[in-house]
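In the numbering used here, the protein residues as written are 5 to 154.
Where a beta carbon is used, it is the ideal one built from N, C-alpha and C, also for glycine.
A short worksheet on the structure shown next.
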Amino acid sequence: MLQLTDVDTFYGPIQVLNKVSLEVNRGEIVCLLGANAAGKTTTMKTIFGLIHPLRGTIEFEGVRIDRKLPGDIVTSGMALVPEARRIFPRMTVLENLEMGAFIRNNRAEINQDLDHVCEVFPRLKERLKQVAGTMSGGEQQMLAMGRAMM
């Protein structure tokens with residue numbers, strides 16, 4: 005579970021998040037909606053340790069993460085898929101997916117996750133050997149999401 009409690013985040017003297025509280029349970033899908041400059045991106049940057057909140061707490065699976073480094077947060081099992089897909093356009097779909105598992109060494113687990121991604125996104129399974137930059141925008145977004153799942 006991900007839980008934000010009374011999170012306040014600032015850019016210099018400007019407060020961007022004011023007492024933001026949010027709870028996301030395992031298996032839930034949540035969408036942050038709001039106007040431009042409403043704090044959606046800042047909320048995500050704060051969750052992933054790119055910005056540290058001045059006040060409040062962020063917990064993932066019962067462990068405080070609001071002072072952890074982004075790499076430690078990702079290692080704990082969370083991933084962020086930015087709007088800009090940021091795939092590796094000259095690499096194949098398979099190579100892109102495997103990049104999502106770059107910190108892991110267990111090949112059996114990586115293959116299991118790859119099978120799961122291919123079940124969720126059958127279109128990717130059909131294109132594992134295709135160069136990622138030749139895919140449509142929607143397919144590239146699937147690839148970015150699949151890589152995050154690895």
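- The same chain holds no residue with a CB closer than 7 Å to that of A88 once the five nearest residues on each side in sequence are set aside.
- By the Cβ neighbour-count rule, D70 is buried, with 16 or more other Cβ atoms within 10 Å of its own.
- Ranked by Cα distance from T61, the options K23, L73 and A41 are led by K23.
- With fewer than 16 other Cβ atoms inside 10 Å of its own Cβ, E27 counts as exposed.
- Within a 10 Å sphere around the beta-carbon of N100 sit 16 or more other beta-carbons, which makes this residue buried.
- At the C-beta level, G53 and K72 come within 8 Å of one another.
- Unbroken alpha helix (DSSP H) stretches of 4 residues or longer found wholly inside the segment 55-93: 74-79, given in chain order.
- Across the set T96, L8, L84 and F64, the C-alpha of T96 shows the shortest separation from the C-alpha of G137.
- Counting of Cβ neighbours within 10 angstroms places T47 among the buried residues, the total reaching 16 or more.
- In the DSSP assignment, I18 falls within the beta strand (DSSP E) that extends over I18 to V28.
- Going by DSSP, L98 is part of the alpha helix (DSSP H) stretching over V97 to M103.
- L147: member of the alpha helix (DSSP H) spanning G141 to M153, first to last residue.
- Assignment of Q7 by DSSP, reduced to helix, strand and coil, places it in the strand class.
- Between D117 and P17, the alpha-carbon positions lie close to 43 Å from each other.
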